[in-house]
Amino acid sequence: MNFTEDWKLVTNRDSAKDVIYQRRFIDHISFGHDVETAFLLLEASHALGIEQDTLTLKVARKLVDHSLANGFDNETGGFYGEGYYFPDADTITILEKDAQWWVQAEGLNALLLMAKIFPEEPNYLHNFQKIWKYIDTNLIDKEYGDWYFHGLNHHPEAKTAPKSSIWKANYHNGRALMNCIRLLRDESEVANHFRELSDSINQKPE
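If you read the sequence shown in the working numbering, its first letter stands for residue -12, the second for the next number, and so on.
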């Protein structure tokens, strides 16, 4: 999502389909950013000490549920890169299936966080396990360390390509793995805080 200097939304929805494809860098559904935003919203709410913040919890859950329903590869595990709601379509179109490293890291963190907040919903933990298996199989370089930039199932050439670029920073996978350790040990203050509110979120995901 991008904005102009005066905070007007930059969108290509009124353009022809080929123009939308050409300009998708500035206007698309980013599943990685959506699940990352879900985590950051909950973390910010907790850090600010907002009590009974069910609104933020609902929004965060909706972001994760939308990404799972529309941008998750149920066969191999992992989130797709990009999607778009074309004006003439009822469903989302996947523009980029490439499973980049940072998208999977953010997905790993967000899914386990949701699994801890909503333990009665097995789908979060199930897909957390699937995405971890994908990461372990297709992204982690077990010989030389670090994560490949792209999943090997989509880009086998990533095994010998540079792992890093100007866009790569370790706060994605580093933060995700440290958060997952805390979550698995039940030491996450964010998860423990919002778990107490989960009973009040009793409607089914939209």
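Ideal Cβ positions, reconstructed from N, Cα and C, are used throughout, including at glycine.
Taking the alpha carbon of Lys150 as the point to measure from, which residue in Trp88, Leu98, Arg172, Leu164 has its own alpha carbon closest? As a first step, residue 150 is located in the sequence shown; it is residue number 163 there, counting from the start. With distances taken between Cα atoms, Lys150 lies closest to Trp88.
Residues in its own chain within less than 7 Å of Lys117 by CB, not counting five upstream and five downstream? Numbered from its first residue, the sequence shown carries residue 117 at position 130. Hits under 7 Å: Gly64.
Is the distance from the Cβ of Gly94 to the Cβ of Gly19 below 8 Å? Looking up residue 94 in the sequence shown gives position 107. Looking up residue 19 in the sequence shown gives position 32. Their beta carbons are under 8 Å apart, which means Gly94 touches Gly19 by this criterion.
Considering Cα atoms alone, identify which of Gln39, Asn166, Asp40, Phe66 is closest to Asp52. Walking along the sequence shown from the start, residue 52 turns up at place 65. Nearest C-alpha to Asp52: Phe66.
Below 8 Å CB to CB, which residues in the same chain sit around Ile37 once its five sequence neighbours on both sides are set aside? Position 50 of the sequence shown, counting from 1, holds the residue named residue 37. Hits under 8 Å: Thr43.
By DSSP, does Trp89 sit in helix, in strand, or in coil? Your numbering for residue 89 matches position 102 in the sequence shown. DSSP places Trp89 in helix when its eight states are reduced to three.
At what residues does the alpha helix (DSSP H) containing Ile122 begin and finish? Looking up residue 122 in the sequence shown gives position 135. First-last of the alpha helix (DSSP H) with Ile122: 109 to 125.
Using the rule of at least 16 other Cβ atoms within 10 Å of the residue's Cβ for burial, across every protein chain shown, is Trp(-6) buried or exposed? For the purposes of this step, residue -6 is taken as the residue at position 7 of the sequence shown. Looking at its Cβ environment, which holds fewer than 16 other Cβ atoms inside 10 Å, Trp(-6) is exposed.
Just mark Asn157 as buried or exposed, buried being the case when its beta carbon has 16 or more other beta carbons within 10 Å. In the sequence shown, counting from the first residue as 1, residue 157 sits at position 170. Per the 10 Å Cβ criterion, exposed.
Which residue from Trp134, His142, Thr80 puts its Cα closest to that of Asn160? For the purposes of this step, residue 160 is taken as residue 173 along the sequence shown, with counting starting at 1. With distances taken between Cα atoms, Asn160 lies closest to Trp134.
What's the gap between the Cα of Asp1 and the Cα of Glu174? Working through the sequence shown from its first residue, we reach residue 1 at position 14. Working through the sequence shown from its first residue, we reach residue 174 at position 187. Answer to the nearest angstrom: the Cα atoms are 47 Å apart.
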